[in-house]
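Asks: All letters in the sequence shown, in the order written, are residues 104 to 397 by the numbering used here. Note that beta-carbon positions come from the ideal geometry of N, C-alpha and C, so glycine has one too. Source: prediction; values computed, not measured.
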Amino acid sequence: MSDPARRSLLIIGGAEDKVGRVTILRRFVNLAGGRKSRIVIIPTASSVPEEVVEVYSTVFSRLGAPQIDAVNPPDRAHSSDDELQALIDGATGIFLSGGNQLRLSQLIVGTPLGAAILRAHERGAVIAGTSAGASIMSRFMISMGDEGVTPRQRSSQLTAGLGLLPGVIVDQHFDQRARYGRLLSLVASSPSLLGMGIDEDTAAEITGGTELTVVGSGAVFVVDARTAVTDAHEAERDAPLLVTGAIVHTLPFGATFDLETATLTGFDEKYADIAVSTSRDRHDTATAAAALRR
104 MSDPARRSLL IIGGAEDKVG RVTILRRFVN LAGGRKSRIV IIPTASSVPE
154 EVVEVYSTVF SRLGAPQIDA VNPPDRAHSS DDELQALIDG ATGIFLSGGN
204 QLRLSQLIVG TPLGAAILRA HERGAVIAGT SAGASIMSRF MISMGDEGVT
254 PRQRSSQLTA GLGLLPGVIV DQHFDQRARY GRLLSLVASS PSLLGMGIDE
304 DTAAEITGGT ELTVVGSGAV FVVDARTAVT DAHEAERDAP LLVTGAIVHT
354 LPFGATFDLE TATLTGFDEK YADIAVSTSR DRHDTATAAA ALRR
């Protein structure tokens, strides 16, 4: 079993650069072992899984990964397949794609395949997820919800996630899809949980369960409502919520943060990569696939 302090998660806000400097995906391959890595792609959340596997396999191969496999159970029953579990058990890096996080929850969470992902993390494999694959990292996952700046009562829904990052609710495409309101409404209702919103082409690298380092062209937003005052317990459905006293942290590339104490631990200012053009997951994947074939 690995040293718990060195176990890594790479939680990506979606639409990460796949054709330029590929800063975030390069970091994933390095964490997985570089030219000694054994990577498994899980495209299950996507409506175009074949294209997802093609895109990421191309990028990871160009970055030196020598062995890349795909695991894509078509239904929950297939998540008990011994061969799929064996691929996970042999991986040094596991990558969960974007798409529909509720599909991921229904097909993988609480299955032998989900247990294999947890085992992989325990033994030291890096687990990365983008977009839907980012949301599934938390124990309580945002499966749907309204977008917008104002937090409203019952505007979002939580579903069971993999539980790789307990104590935190993860949201993605954060700035680009104006998801501040839904994240704040959820932590107001569950103040023991931190809220983490991750911009596109940005990742939260988490080591040892608590040490967060930001990588990429956007920012990671952390909201701490543990001492906030709210009317979430009595507000009517869809009503704007009172939330006062919440502490917010906006963390750009180079910031380090302790999730246990919810404090900044360092900031080495870096020039982020030039922002990539972003879009919905399916279109983003198709665009990247076309660019990589050139």
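Compare the Cα-Cα distances from residue 241 to each of 275, 144 and 155 and report the closest residue.
Replies: By 1-based counting over the sequence shown, the position of residue 241 is 138. Nearest option by C-alpha distance: 275.
Asks: Exposed or buried, residue 260, counting other C-beta atoms within 10 Å across all chains shown (16 or more means buried)?
Replies: Position 157 of the sequence shown, counting from 1, holds the residue named residue 260. By the neighbour-count rule (16 or more Cβ atoms within 10 Å), residue 260 is not buried but exposed.
Asks: Among all the DSSP beta bridges, which residues are the ones paired with residue 308?
Replies: For the purposes of this step, residue 308 is taken as the residue at position 205 of the sequence shown. In DSSP, residue 308 forms a bridge with 113 and 316.
Asks: Starting from residue 223, trace the alpha helix (DSSP H) both ways and give me its first and last residue.
Replies: As a first step, residue 223 is located in the sequence shown; it is residue number 120 there, counting from the start. It spans 215–226 - the alpha helix (DSSP H) in which residue 223 sits, taken as one unbroken run.
Asks: Thinking C-beta only, is residue 156 closer than 9 Å to residue 125?
Replies: Position 22 of the sequence shown holds residue 125. Position 53 of the sequence shown holds residue 156. Cβ atoms of residue 125 and residue 156: not closer than 9 Å.
Asks: Helix, strand or coil for residue 302, going by three-state DSSP, please let me know.
Replies: Numbered from its first residue, the sequence shown carries residue 302 at position 199. If DSSP states are grouped into helix, strand and coil, residue 302 belongs with coil.
Asks: Can you tell me whether DSSP reads residue 262 as helix, strand or coil?
Replies: Taking the sequence shown and counting its residues from 1, one reaches residue 262 at position 159. Residue 262: strand per DSSP, three-state reduction.
Asks: Among the residues of its own chain, which have a CB less than 8 Å from the CB of residue 311, if the five just before and after it don't count?
Replies: Sequence index remark: in the sequence shown, residue 311 carries index 208 (1-based). These residues qualify, in order along the chain: 107, 108, 109 and 110.
Asks: What separation, rounded to the nearest whole angstrom, lies between the Cα atoms of residue 266 and residue 221?
Replies: By one-based count along the sequence shown, residue 266 stands at place 163. By one-based count along the sequence shown, residue 221 stands at place 118. Rounded to the nearest angstrom, the two C-alpha atoms are 8 Å apart.
Asks: Specify whether the stretch 220–235 and the stretch 184–199 touch according to this definition: at least 3 beta carbon pairs, one from each stretch, less than 8 Å apart.
Replies: Contact holds: three or more Cβ-Cβ distances are below 8 Å.
Asks: Let me know if residue 152 comes out buried or exposed under the rule of 16 or more other beta-carbons within 10 Å of its beta-carbon.
Replies: As a position in the sequence shown, residue 152 is number 49, starting the count at 1. When all chains shown are included, residue 152 counts as buried.
Asks: Which residues does DSSP list as the beta-bridge partners of residue 343?
Replies: Taking the first residue of the sequence shown as 1, we reach residue 343 at position 240. DSSP output for residue 343 lists 255 as bridge partner(s).
Asks: Among 158, 115, 137 and 143, whose alpha-carbon lies nearest the alpha-carbon of residue 390?
Replies: Numbered from 1 along the sequence shown, position 287 holds the residue referred to as residue 390. Per the Cα distances, 158.
Asks: By Cβ distance, which residues of its chain are closer than 7 Å to residue 138, with the 5 residues on each side in sequence left out?
Replies: As a working note, residue 138 is residue 35 in the sequence shown. Around residue 138: 167 and 169.
Asks: Start and end of the alpha helix (DSSP H) containing residue 284?
Replies: Position 181 of the sequence shown, counted from the start, is the residue given in the question as residue 284. Element bounds for residue 284: 283–292.
Asks: Do you know how far the Cα of residue 135 is from the Cα of residue 171?
Replies: Numbered from its first residue, the sequence shown carries residue 171 at position 68. Numbered from its first residue, the sequence shown carries residue 135 at position 32. So the alpha carbons of these two residues sit roughly 11 Å apart.
Asks: For the 8 Å Cβ check, are there 3 or more pairs between the stretch 141–148 and the stretch 114–121?
Replies: Result no; under three Cβ-Cβ pairs closer than 8 Å.
Asks: Along the beta strand (DSSP E) that carries residue 246, what are the first and last residues, could you check?
Replies: Locating residue 246 in the sequence shown gives position 143, where the first residue counts as 1. It spans 243–248 - the beta strand (DSSP E) in which residue 246 sits, taken as one unbroken run.
Asks: Go through its chain and collect everything with a Cβ distance to residue 210's Cβ below 7 Å, but skip five positions before and after it.
Replies: Position 107 of the sequence shown, counted from the first residue, corresponds to residue 210. Excluding positions up to five away in sequence, the list reads 147, 176, 178, 179 and 182.
Asks: Just reading off the alpha helix (DSSP H) that residue 161 is part of, what are its end residues?
Replies: Here residue 161 is taken as the residue at index 58 of the sequence shown, counted from 1. Element bounds for residue 161: 152–165.
Asks: Note down, in chain order, each residue of its chain lying with its Cβ closer than 6 Å to the Cβ of residue 341, except the 5 sequence neighbours on either side.
Replies: By one-based count along the sequence shown, residue 341 stands at place 238. Same-chain partners within the cutoff: 255.
Asks: Can you give the Cα-Cα distance for residue 366 and residue 185, rounded to whole angstroms?
Replies: Along the sequence shown, read from residue 1 onward, the residue named residue 366 stands at position 263. Along the sequence shown, read from residue 1 onward, the residue named residue 185 stands at position 82. Between residue 366 and residue 185, the C-alpha separation is close to 42 Å.
Asks: Take residue 217 and list the residues in its own chain whose beta-carbon comes closer than 8 Å to its own, dropping the five residues that flank it on each side.
Replies: Taking the sequence shown and counting its residues from 1, the one referred to as residue 217 is at position 114. Around residue 217: 182, 211 and 265.
Asks: On the DSSP letters alone, give me the boundaries of the beta strand (DSSP E) that residue 437 sits inside.
Replies: Here the chain covers residues 104 to 397 and nothing more, so residue 437 does not appear.
Asks: Between the Cα of residue 294 and the Cα atoms of 371, 350, 252 and 189, which residue gives the shortest distance?
Replies: Working through the sequence shown from its first residue, we reach residue 294 at position 191. Taking only the C-alpha atoms, the option nearest residue 294 is 350.
Asks: Smallest Cα separation from residue 245: which of 262, 257, 231 and 113?
Replies: Locating residue 245 in the sequence shown gives position 142, where the first residue counts as 1. Residue 245 has its Cα closest to that of 262, out of 262, 257, 231 and 113.
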